[in-house]
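Enquirer: Here it is, the structure, as structure tokens.
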Amino acid sequence: GARKVAVALFVLPAALCVPLVHVRLLPALEPWLNARGVAETLRRVADEDTPLVVLETPPTSLRQALGHNLVSRTRVTPDDRDVRARDGAVYAAFRPAHEGEAMAALAPLGGTSQVLQRTPVLVLVRVRPATP
Numbered sequence: 001g002a003r004k005v006a007v008a009l010f011v012l013p014a015a016l017c018v019p020l021v022h023v024r025l026l027p028a029l030e031p032w033l034n035a036r037g038v039a040e041t042l043r044r045v046a047d048e049d050t051p052l053v054v055l056e057t058p059p060t061s062l063r064q065a066l067g068h069n070l071v072s073r074t075r076v077t078p079d080d081r082d083v084r085a086r087d088g089a090v091y092a093a094f095r096p097a098h099e100g101e102a103m104a105a106l107a108p109l110g111g112t113s114q115v116l117q118r119t120p121v122l123v124l125v126r127v128r129p130a131t132p
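Residues in the sequence shown are numbered consecutively from 1, following our numbering.
The structure is reproduced here in structure tokens:
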């Protein structure tokens, strides 16, 4: 009797809370847990084979979501033709905490940058270089 009540007191909260966590909490935390939103935005605004410059090691979720076309750089210059999309722009992703460093790394392009998406995990920007 008492043992069954003790087991029920331990199991019941878990049995009731797990579905609640799965349905309400995890979807709300998704932007903090992965970079899928950035990958979806890139797919929506650019061609499928558009290279994405990553200025540091990209999150695993970004590598899995895009699967390819990640170009690692610490600095991007106008001579780096392999990072240009068909529309002439350079798309880059970086962690929000490193935004100043990232903008400095993209500054040699001389263009204006447009933030396409800002998440807790990554910032996605498009830079249209000053020289085509």
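All residues carry an ideal CB built from backbone N, CA and C; glycine is no exception.
Measuring only the C-alpha atoms, how far is P120 from G1?
Expert: Roughly 49 Å between the two C-alpha positions.
Enquirer: Are the stretch 104 to 116 and the stretch 59 to 72 touching, with three or more C-beta to C-beta distances below 8 Å?
Expert: The stretch 104 to 116 is not in contact with the stretch 59 to 72.
Enquirer: Which residues in the same chain have their Cβ closer than 7 Å to the Cβ of C17, if we skip the five residues on either side of it in sequence?
Expert: Within the same chain, C17 has no close Cβ partners at all.
Enquirer: Quick check: the Cα distance between R43 and G37, rounded to an integer number of angstroms?
Expert: In a straight line, the C-alpha of R43 is about 10 Å away from that of G37.
Enquirer: With burial defined as no fewer than 16 other Cβ atoms inside 10 Å of the residue's Cβ, what is the status of L12: buried or exposed?
Expert: With fewer than 16 other Cβ atoms within 10 Å, it is exposed.
Enquirer: Quick check for students: name the residue ranges of the beta strand (DSSP E) that lie wholly in the stretch 75 to 111, counting only runs of 3 or more.
Expert: For the stretch 75 to 111, whole beta strand (DSSP E) runs of length 3 or above, ordered along the chain, are 90 to 94.
Enquirer: Quick one: what's got a C-beta closer than 7 Å to D63's C-beta in the same chain, skipping five residues either side?
Expert: The identity of residue 63 in the sequence shown is Arg, whereas the question assumes Asp. Around R63: L70.
Enquirer: What's the C-alpha gap between A85 and P78?
Expert: Cα-Cα distance, rounded: 13 Å.
Enquirer: Which whole-angstrom value describes the C-beta separation of A93 and P58, a residue pair presumed to lie in contact below a C-beta threshold of 8 Å?
Expert: Confirmed, Cβ separation roughly 7 Å.
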